[in-house]
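Undergrad: Encoded as structure tokens, here's the structure I'll be asking about.
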Amino acid sequence: MTTVLESLNAGLHAAMETDASVYVLGEDVLDPYGGAFKVTRGLSNAYPERVITTPVSEAGFVGVATGLALSGLRPVVEVMFGDFVTLITDQVVNGLSKYGWMYGGSLDIPIVIRTPMGGRRGYGPTHSQTLEKLFLGVPGLRVLAPSAFLDPGALLKAAIDDPGPVLFVENKLQYQRRLDDPMFSALAIQHDRQEGYASAATAGVAGAPRPQLTIAAYGDMAERAGEAQIKMAYELEIFSELVVLEQLDPLGPGGDLPRPLQDSLRRTGCLLTVEEGTFTHGWGAEVLARAVEASSQKLAVARVAALDSPVPASRALEALVLPDIDSVVGAAQKLIAALDG
Amino acid sequence: MTTVLESLNAGLHAAMETDASVYVLGEDVLDPYGGAFKVTRGLSNAYPERVITTPVSEAGFVGVATGLALSGLRPVVEVMFGDFVTLITDQVVNGLSKYGWMYGGSLDIPIVIRTPMGGRRGYGPTHSQTLEKLFLGVPGLRVLAPSAFLDPGALLKAAIDDPGPVLFVENKLQYQRRLDDPMFSALAIQHDRQEGYASAATAGVAGAPRPQLTIAAYGDMAERAGEAQIKMAYELEIFSELVVLEQLDPLGPGGDLPRPLQDSLRRTGCLLTVEEGTFTHGWGAEVLARAVEASSQKLAVARVAALDSPVPASRALEALVLPDIDSVVGAAQKLIAALDG
Amino acid sequence: MRDSAARYRAMLRIRRFEETILDKFATGIFHGTTHTYIGEEANAVGVLEHVRDGDSVFSNHRCHGHFLAYGGDMRALFAELMGKATGVCGGRGGSQHIHWRNFYSNGVLGSTIPVATGVGLAGRLRGGDDVVVVFMGDGALGEGVIYESLNMAALWRAPVLYVVENNRIAQTTPIELAMAGGIPGRFEAFGVPARDLTSSDVEEVAATAGDVIEEVRETGEPRALVIDTRRFAPHSKGDDTRAESEIAEMRANWDPLVIHASRLGEGERETITEEVNAEVEQAFTTALGDPEPRVEVGAA
Amino acid sequence: MRDSAARYRAMLRIRRFEETILDKFATGIFHGTTHTYIGEEANAVGVLEHVRDGDSVFSNHRCHGHFLAYGGDMRALFAELMGKATGVCGGRGGSQHIHWRNFYSNGVLGSTIPVATGVGLAGRLRGGDDVVVVFMGDGALGEGVIYESLNMAALWRAPVLYVVENNRIAQTTPIELAMAGGIPGRFEAFGVPARDLTSSDVEEVAATAGDVIEEVRETGEPRALVIDTRRFAPHSKGDDTRAESEIAEMRANWDPLVIHASRLGEGERETITEEVNAEVEQAFTTALGDPEPRVEVGAA
Ligand SMILES: Cc1ncc(C[n+]2csc(CCOP(=O)(O)OP(=O)(O)O)c2C)c(N)n1
Ligand SMILES: Cc1ncc(C[n+]2csc(CCOP(=O)(O)OP(=O)(O)O)c2C)c(N)n1
Ligand SMILES: [Mg+2]
Ligand SMILES: [Mg+2]
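Chains as they are written, first to last, in my numbering: chain A, 1 to 341; chain B, 342 to 682; chain C, 683 to 982; chain D, 983 to 1282.
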């Protein structure tokens, strides 16, 4: 019963063991604490000289890590809360994502920036956001998110081996999810390549009739979408295909819709995108646009996301703002109803 | 023959004259220089005590301006190049856009951040970008872009009067455009409200037959789209309706598609979005998604934008990467062909 | 300028408030996180007693003590941490994002420093002698925007007092691993004169802070006050990686309540203690009974 | 350690290169912008003569002089400014974004400082005594990320020399309007010892820089060198808001070529001048005839 957290931690251990050029930098990453969310636990005990705890200088240490990468090392940087990627925007957008290209295309920048996004913990407006959308569509940057449906640790290790820069988007509540969650035993899951080394999982309730609807999701919301999928199948007889993507951007080869998603849409003609970030200009907008552009028939489409609001601290308000299982179910019902009606 | 630059400059002068709480901050904004692109020219001579030239501290002076706004003043901040908004992301996303809401909803933050985006000057990868997409979909932030089809100075003055925060996106090449450009005398232009105090212009070649295609655009690309529209009408007999929006986000009331765009799409059933920023996760993705979500019929859709690449310095390479009149014409032709075929 | 009893009461209110939070956290009534001020009460009380109506105060993640010392309502703070409608920000902000009158806190380290500087500058532009007090920790000094702000504060003469609460640790990171050079020097290098005080005696803090704030008021210029202090409790509610002996030493030598207690008669202390216990109990129970926020949210 | 003739030649190459750019800019053959180094040649030449193969150099928007002094090819730099395929970066980077061997420049002020610090740190982690030299202007010191970087450089012992070319102006903003405190103090406050040098005599610059770079190499620790210098030409190609008398005074008292000239025989100077003129002319003409880049672009 491995959790996402354990898998990521194991991936880091494996990367540091097999490659002496891997360094870990971040705030409070040293043992015994092992990072605010414990993803780096055990690393500084095992590799004291390759784990560097930093001052509270997000822009600065991402820049320093870029220098390590320019020098042929493989830094893995932890930004303690995803909300603080706002502080590294310049180093990412005008720095590490451009160097490879703008200096003539000859340079590798093997850096991974890991950070946990997400709410539902009552941390309030500056510690609960899902901000990866800020970094979607940045040329030269690969944005990944692990999933309990696939192999988080393997994805992280592959990202560390990537010669180019990667933003690796984790999620606070996802850490405790089990990779082999019995909750999902009802699902038949098929694995495919998405793009590069990223994978996609296509899940459907085993033995269910032809799917009416394709759900595209990633990260923690993919797992919530999986729960919604099961609930819909058993309680509402709405049958769906869930396509879980590890790579948020670029979506597929050349940025096109990834194959597994294309295939599913060919089967269903109906797309529901699901993400935890705010609705407007989210990940779903690009997925929806690519799907519509690629399709000859009229697709039924909808997006599930957070309200266009900051994330409140209060449990009641937070639950209202953030999407969850019922938001997915509700949106799916409306889509299907519109199709039938 | 007023230019966009003169109109914006006049808007600033008018705002400072009518409201003593308006302050201008930015790098090199003092006369005789009057700012890198001269938008603030004459202000420091006229209002020496209300124009503050700053150190090269974008995050810092945006934060300081936020403090002025919290105190009831109306700061207008200039970020010298749009590429440097990467440095103010935290102050915008976790600061000024949230304060009004997260502190209980009682606070006004009347700040305007102005900055010129755009390439075609060979300034290279860090001085040529169109990065407003980083700030589209930030709850609590209004993103505006002036257009030569409407009234840049009036929009800027209204933004300064806005009790909430505004990102005001200008464009380097747009500054020299004329508001009454004879080039556009062939166009019949109708003005409507878009949302709040922002306007929309709907343009069509006077006396042309029923439009086949709706082009949605803003800023400098709207003016290039206007040229494309005329070229298409006279040379290719492709008739289009150009909807120019001053407000990029939120698009319309509640974030929905603005009325003028809805109306035009009802007439044409065919949407082409046009922007200078990179393609993936651009403004067009959200416009396209909203249009498709709102439409019962199948819309023909396509997006024109820059290649997903940094902006090269070389003239030849820059022309390849950035969209222009011919990109709009080409995309329109393909859309129309697909409809007919 | 307050008397000893008032100061003792002010510090004890903070101590009991924070103890109650830690004590009750496990029960789950507080959704979210907390950063308690236990051990550092003398700073908030000693500094903020000099703040007047037109002044503004900016705080950080560890803001409960600052808020209470500023005059904030205890029940409203309990309610905010419980996410109730009666909370300081109606449950939107939670523990780290508090606003009341001219008091503001934000959870992003360093991010409030330029904003506080701007409020100070606005005061000078408007005229008058209002000042701004902004609190930051030693760890926050890692953020570059702080130095951008100091430079502007000195250049533009913003009447701001920058207070560094140097408890020599950031979350789990000891200052030795995070800071090169010295703290006062970092202010002086940007033209902001700094005073250094090693004490958790509220009288000493109040005296020094009084002088510096007066200086800021009179000159209209920025100053810094660096207070060496100690954090007794865990960073947040969770595990503390420090040795127990280290904590014990702190509690023995640095407790502002113990240090100040001797200045009060025992009877006086007991009365205050009973009254504060009752007040905290009362505020807590009232907040607990307060209504949840009406569930409707829209972006500002 | 070079002889006087070599230094004269190195400075003159930069001077003539930049004059050619300014002279020809109006013709439109250079797409984009430029920031000329005229008047500051002694810094690049005096500092970079101490750089060895494994060392790295980071530069800013005003990078032509640094690039040429580093050993960069003049024709390739002309070509880059013309956007030709033979340009240093194939026309992608342009004037401000240059990379060749271990030389890097970027147009976002301050943004290279942490990166250079990281390259320095990598050197120490790998072992050996390579150093990093990073240039910045007085104006760039407004960027907070620089101070974040200094702190880490001192904490982690990164062998980096931070060179501030203090020409007392940023674009059009005199240092008095942009900087509080003093420059060396800003480095020392973060644990980076700094040296201040007021001179545009290449021999003095070379001597001081040689000492400091040696110090960085031996100790493996960061140091700063602040050079007071003067910018003779406009910030970019455009209008200069400074008084002509001010420029005249600079040219009279601060010209590194004039100062250094006396150390060479007249004949020697003439030969060098003729050779450099020919070299620059040759490089320019060749670049002019070079092909445009093949038009195909993909994100990295
Ligand atoms: C920009 C940013 N980075 C990281 C954090 C996470 N964090 C919260 S408190 C803290 C330590 C702060 O230490 P210090 O400033 O000394 O204040 P103290 O907690 O000691 O009172 C950290 C790293 C944050 N809130 N903001
Ligand atoms: C982050 C950032 N802000 C603003 C600019 C615009 N800019 C280019 S050079 C310059 C002045 C730089 O002055 P200084 O650092 O002293 O270098 P100098 O030009 O004097 O050599 C400015 C403001 C920039 N390139 N980057
Ligand atoms: Mg601390
Ligand atoms: Mg300068």
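Quick reminder that beta carbons are idealized off the backbone N, C-alpha and C, glycines included.
#1: On a Cα-Cα basis, can you pick out the residue from D:THR1190, D:LEU1179 and D:ALA1234 that is closest to THR1211 of chain D?
#2: Please tell me whether, using a cut-off of 7 angstroms, the distance from the CB of GLY1119 of chain D to the nearest non-hydrogen atom of ligand 5 is below it.
#3: Given 7 angstroms as the limit, tell me if ALA1152 of chain D has its C-beta closer than that to any heavy atom belonging to ligand 2.
#4: Are THR53 of chain A and THR768 of chain C closer than 8 angstroms when you measure CB to CB?
#5: Using the three-state DSSP reduction, which class does LEU648 of chain B fall into: helix, strand or coil?
#6: Exposed or buried, which one is ALA1188 of chain D when buried takes at least 16 other CB atoms within 10 Å?
#7: Would you say ASN1025 of chain D touches ligand 4, meaning its beta carbon is less than 7 angstroms from a heavy atom?
#8: Which residues in the same chain have their Cβ closer than 6 angstroms to the Cβ of ARG899 of chain C, if we skip the five residues on either side of it in sequence?
#9: Suppose only complete runs of 4+ residues qualify. What are the alpha helix (DSSP H) ranges in the stretch 581-647 of chain B, listed by chain order?
#10: Of the residues that make up the stretch 1027-1040 of chain D, which ones have a beta carbon closer than 7 angstroms to any beta carbon in chain C?
#11: Is ASN849 of chain C near ligand 3, in the sense that its beta carbon is under 7 angstroms from a heavy atom of that ligand?
#12: Could you give the distance in angstroms between the alpha-carbon of VAL1097 of chain D and the alpha-carbon of SER128 of chain A?
#13: Using only alpha-carbon positions, find the residue among B:PHE509, B:ALA626, B:LYS513 and B:GLY545 that is nearest to SER526 of chain B.
#14: Which chain C residues are close to ALA59 of chain A, counting only those with a beta carbon under 7 angstroms from its beta carbon?
#15: By the criterion of Cβ-Cβ separation under 9 angstroms, what are the contact partners of LEU68 of chain A in chain D?
#16: Residues of the stretch 768-791 of chain C with a CB closer than 9 angstroms to any CB of chain A: list them in chain order, please.
#17: So, is the C-beta of ASN1133 of chain D closer than 8 angstroms to a C-beta in chain A?
#18: Does GLU1263 of chain D pass the burial test, meaning 16 or more other C-beta atoms within 10 Å, or should it be called exposed?
#19: Using CA atoms only, rank isn't needed, just tell me which of D:GLY1100, D:LEU1050 and D:GLY1124 is closest to MET1161 of chain D.
#20: Between ARG1276 of chain D and chain C, is there a C-beta pair that is closer than 8 angstroms?
#21: Compare the Cα-Cα distances from GLU617 of chain B to each of B:SER668, B:ALA542 and B:PRO601 and report the closest residue.
#22: Between which two residues does the beta strand (DSSP E) harbouring MET117 of chain A extend?
#23: Using a Cβ-Cβ cut-off of less than 7 angstroms, give me the residues of the stretch 839-855 of chain C that come near chain A, in sequence order.
#24: In the DSSP assignment, what residue or residues form a beta bridge with GLU847 of chain C?
#25: From the DSSP output, in three-state form, read off ASN94 of chain A for me.
#26: Among the residues of its own chain, which have a CB less than 7 angstroms from the CB of LEU68 of chain A, if the five just before and after it don't count?
#27: Under 8 angstroms between C-beta atoms, does GLU293 of chain A make it to chain B?
#28: Starting from the Cα of VAL1252 of chain D, find the closest Cα among D:ARG991, D:ARG984 and D:GLU1022 and give me that residue.
#29: Within the same chain, show all residues whose beta-carbon is closer than 7 angstroms to that of THR66 of chain A, passing over the 5 residues directly before and after it, in chain order.
#30: Return no unless some Cβ of chain C is closer than 8 angstroms to the Cβ of THR53 of chain A.
#31: Which residue marks the beginning of the alpha helix (DSSP H) containing ASN1025 of chain D, and which one marks its end?
#32: If you scan the stretch 1133-1188 of chain D from start to end, which runs of the alpha helix (DSSP H) of 4 or more residues do you find wholly inside it?
#33: Below 8 angstroms on the Cβ atoms is my guess for PRO1166 of chain D versus ARG1205 of chain D; work out the distance and round it to an integer in Å.
#34: Counting only Cβ pairs nearer than 9 angstroms, list the residues of chain A close to SER1218 of chain D.
#35: Beta carbons nearer than 8 angstroms to chain B: which residues of the stretch 1160-1171 of chain D have them?
#36: Return yes when the C-beta of LEU1132 of chain D is under 7 angstroms from any heavy atom of ligand 2, and no when it is not.
TA: Walking through what the data contain:
#1: If you number the fourth sequence from 1, residue 1211 of chain D lands on position 229. For THR1211 of chain D, the nearest C-alpha among the options comes from D:LEU1179.
#2: Inclusion of ligand 5 in the displayed structure is not the case, the ligand content consisting of ligand 1, ligand 2, ligand 3 and ligand 4 alone.
#3: On the fourth sequence, position 170 is the one that residue 1152 of chain D refers to. Yes, since a heavy atom of ligand 2 falls inside the 7 angstroms radius drawn around the Cβ of ALA1152 of chain D.
#4: Here residue 53 of chain A refers to the residue found at position 53 when the first sequence is read from its first residue. Here residue 768 of chain C refers to the residue found at position 86 when the third sequence is read from its first residue. In this structure, THR768 of chain C does not lie closer than 8 angstroms to THR53 of chain A by Cβ.
#5: Within the second sequence, residue 648 of chain B is the residue found at index 307, counting from 1. LEU648 of chain B falls in the coil class under three-state DSSP.
#6: As a working mapping, residue 1188 of chain D is identified with position 206 in the fourth sequence. Under this definition ALA1188 of chain D is a buried residue.
#7: Along the fourth sequence, one-based indexing puts residue 1025 of chain D at 43. No; taking the cut-off as 7 angstroms, the Cβ of ASN1025 of chain D has no heavy atom of ligand 4 nearer than that.
#8: In the third sequence, counting from the first residue as 1, residue 899 of chain C sits at position 217. Leaving aside the five residues that flank ARG899 of chain C on each side, the residues in its chain whose CB is nearer than 6 angstroms to its CB run, in chain order, ASP811 and VAL813.
#9: 600-609 and 624-635
#10: none
#11: Mapped onto the third sequence, residue 849 of chain C falls at position 167. ASN849 of chain C: yes, Cβ under 7 angstroms from ligand 3.
#12: The residue you call residue 1097 of chain D lines up with position 115 of the fourth sequence. The residue you call residue 128 of chain A lines up with position 128 of the first sequence. The straight-line gap from Cα to Cα measures roughly 29 angstroms.
#13: Sequence index remark: in the second sequence, residue 526 of chain B carries index 185 (1-based). Ranking the options by Cα distance to SER526 of chain B, first place goes to B:GLY545.
#14: Position 59 of the first sequence, counted from the start, is the residue given in the question as residue 59 of chain A. GLY826, listed in chain order.
#15: On the first sequence, position 68 is the one that residue 68 of chain A refers to. Listed along chain D are GLY1100, VAL1101, LEU1103, ALA1104 and LEU1107, each with a C-beta nearer than 9 angstroms to that of LEU68 of chain A.
#16: GLY769, CYS771, GLY772, GLY773, ARG774, GLY775, GLY776, SER777, GLN778, HIS779, ASN788, GLY789, VAL790 and LEU791
#17: For the purposes of this step, residue 1133 of chain D is taken as the residue at position 151 of the fourth sequence. So yes, ASN1133 of chain D belongs to the interface.
#18: Your numbering for residue 1263 of chain D matches position 281 in the fourth sequence. GLU1263 of chain D comes out exposed.
#19: As a position in the fourth sequence, residue 1161 of chain D is number 179, starting the count at 1. Looking at the Cα atoms, D:GLY1124 is the closest of the given residues.
#20: The count along the fourth sequence starts at 1 and reaches residue 1276 of chain D at position 294. With 8 angstroms as the cut-off, ARG1276 of chain D does not count as an interface residue toward chain C.
#21: For this step, residue 617 of chain B is matched to residue 276 along the second sequence. Closest by C-alpha distance to GLU617 of chain B, out of B:SER668, B:ALA542 and B:PRO601, is B:SER668.
#22: The count along the first sequence starts at 1 and reaches residue 117 of chain A at position 117. Its beta strand (DSSP E) spans residues 112-117.
#23: Under the 7 angstroms Cβ criterion, the stretch 839-855 of chain C contributes ALA852, GLN853, THR854 and THR855.
#24: Translated into the one-based positions of the third sequence, residue 847 of chain C becomes position 165. In the DSSP assignment, GLU847 of chain C forms a beta bridge with C:GLY819 and C:ILE909.
#25: Counting from 1 along the first sequence, the entry for residue 94 of chain A is found at position 94. Helix at ASN94 of chain A.
#26: Along the first sequence, read from residue 1 onward, the residue named residue 68 of chain A stands at position 68. These residues qualify, in order along the chain: TYR23 and PRO75.
#27: Walking along the first sequence from the start, residue 293 of chain A turns up at place 293. Yes, GLU293 of chain A counts as interfacial toward chain B.
#28: The residue you call residue 1252 of chain D lines up with position 270 of the fourth sequence. Looking at the sequence itself, residue 1252 of chain D is Glu, so the reference to Val does not match. Looking at the Cα atoms, D:ARG991 is the closest of the given residues.
#29: Your numbering for residue 66 of chain A matches position 66 in the first sequence. Here the set comprises GLN91, GLY95, LEU96, ILE109 and ILE111.
#30: Counting from one through the first sequence, the residue named residue 53 of chain A turns up at place 53. So yes, THR53 of chain A belongs to the interface.
#31: Stepping through the fourth sequence from its first residue, residue 1025 of chain D is reached at position 43. Taken as a continuous stretch (DSSP letters only), the alpha helix (DSSP H) holding ASN1025 of chain D covers 1023-1030.
#32: 1157-1160 and 1165-1170
#33: Translated into the one-based positions of the fourth sequence, residue 1166 of chain D becomes position 184. Translated into the one-based positions of the fourth sequence, residue 1205 of chain D becomes position 223. The C-beta distance from PRO1166 of chain D to ARG1205 of chain D rounds to 11 angstroms, too long to fall under 8 angstroms, and the pair is not in contact.
#34: Reading the fourth sequence from its first residue, position 236 is the one you call residue 1218 of chain D. Within 9 angstroms Cβ-Cβ: nothing; SER1218 of chain D doesn't reach chain A, min ~19 angstroms.
#35: ALA1160 and MET1161
#36: Against the fourth sequence, residue 1132 of chain D aligns to sequence position 150. The answer is no for LEU1132 of chain D.
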